[in-house]
């Protein structure tokens, strides 16, 4: 497990906790963007692989998530979350001036990362989207038909074919196990519409990875979103039989090898 340290900053809606996995003289900076209801601490394995690959890695707990302040799983405007991620990028750049930046987002974090690329692509070297909530996500309009969304917790078995992943998720006290907040669902709907109308990623090299058997963020809905925003340099990897969390899947090493190979292609200095 790679060494890590934490610090906080004042974000758009309160104190935000950041975790950094340092590396001396990194080849690139990796900004990890986690998904709904979880926290950046679930990305230890991913961060360790990236550090060994030559990255200094940074990731925040979004407002209302993990160790950050805010009502649990409550997000009023995802533009605020994008701004918080940008604060993390600015800190990473201050720590390592002139080093290329790669943003890696999973699920809701993929949606945030996609919007981030629309706002800040000029400063990025590459973008990785894992099982991104983008395009059509049927759960949002479905739950918004209720005045108060029902408590329909995520089935841990849908995360990975590795049962230990679901068991750890179910027992994690920093994971939100309650119902969607209506305010958050409205924010999702607004963000998805904003991204759809926000233009393409242009020349930004983008890797899209997705589990073929993703029941939480089904592949067809995300494909429609990717098609709307993709620029001129998109690499796609769909993993047969894989579920939602491809970074925690039984073939996670294959997935992360695809990620690091893609990053190698985009970096100006070549393989480490």
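In this note's numbering, the protein residues as written are 90 to 361. Note that beta-carbon positions come from the ideal geometry of N, C-alpha and C, so glycine has one too.
Simplified DSSP state of residue i, which is helix, strand or coil
i: residue 106; result: strand
i: residue 305; result: coil
i: residue 249; result: coil
i: residue 325; result: strand
i: residue 95; result: strand
i: residue 142; result: helix
i: residue 223; result: coil
i: residue 318; result: helix
i: residue 234; result: coil
i: residue 295; result: strand
i: residue 119; result: strand
i: residue 264; result: coil
i: residue 255; result: helix
i: residue 124; result: coil
i: residue 155; result: coil
i: residue 300; result: strand
i: residue 148; result: strand
i: residue 114; result: coil
i: residue 345; result: helix
i: residue 130; result: helix
Integer-rounded CB distance, given that residue j should sit under 8 Å from residue i
i: residue 83; j: residue 227; result: The structure shown does not extend to residue 83, since the chain is modelled only from 90 to 361, so the question has no answer here.
i: residue 311; j: residue 224; result: 6 Å
i: residue 115; j: residue 185; result: 6 Å
i: residue 162; j: residue 267; result: 7 Å
i: residue 85; j: residue 179; result: There is simply no residue 85 to check, as the chain begins at 90 and stops at 361 in what is shown.
i: residue 237; j: residue 271; result: 7 Å
i: residue 295; j: residue 320; result: 7 Å
i: residue 284; j: residue 203; result: 5 Å
i: residue 121; j: residue 135; result: 7 Å
i: residue 298; j: residue 335; result: 5 Å
i: residue 318; j: residue 277; result: So it is not a contact: roughly 16 Å between Cβ atoms.
Where residue i falls, given that 16 or more other Cβ within 10 Å makes a residue buried
i: residue 147; result: buried
i: residue 242; result: exposed
i: residue 286; result: exposed
i: residue 282; result: exposed
i: residue 253; result: exposed
i: residue 159; result: buried
i: residue 103; result: exposed
i: residue 342; result: exposed
Alpha-carbon to alpha-carbon, residue j and residue i
i: residue 361; j: residue 328; result: Low confidence applies here, because residue 361 scores a pLDDT of 44, under 50, leaving its location unreliable and the question unanswered by this model.
i: residue 151; j: residue 97; result: 12 Å
i: residue 251; j: residue 352; result: 26 Å
i: residue 201; j: residue 142; result: 24 Å
i: residue 269; j: residue 129; result: 20 Å
i: residue 109; j: residue 144; result: 11 Å
i: residue 138; j: residue 232; result: 37 Å
i: residue 301; j: residue 333; result: 9 Å
i: residue 172; j: residue 101; result: 7 Å
i: residue 234; j: residue 275; result: 11 Å
i: residue 354; j: residue 345; result: 14 Å
i: residue 113; j: residue 140; result: 10 Å
i: residue 154; j: residue 340; result: 27 Å
i: residue 261; j: residue 220; result: 21 Å
i: residue 95; j: residue 222; result: 27 Å
i: residue 359; j: residue 349; result: With a pLDDT of 46 at residue 359, under the threshold of 50, the modelled position of this residue cannot be trusted, and the question is left open.
i: residue 213; j: residue 181; result: 13 Å
i: residue 131; j: residue 323; result: 27 Å
i: residue 279; j: residue 169; result: 13 Å
i: residue 91; j: residue 133; result: 7 Å
i: residue 289; j: residue 247; result: 30 Å
i: residue 293; j: residue 196; result: 20 Å
key: Unbroken stretches of the beta strand (DSSP E), 3 residues or longer, contained in the stretch 159-215   = Runs found: 190-195.
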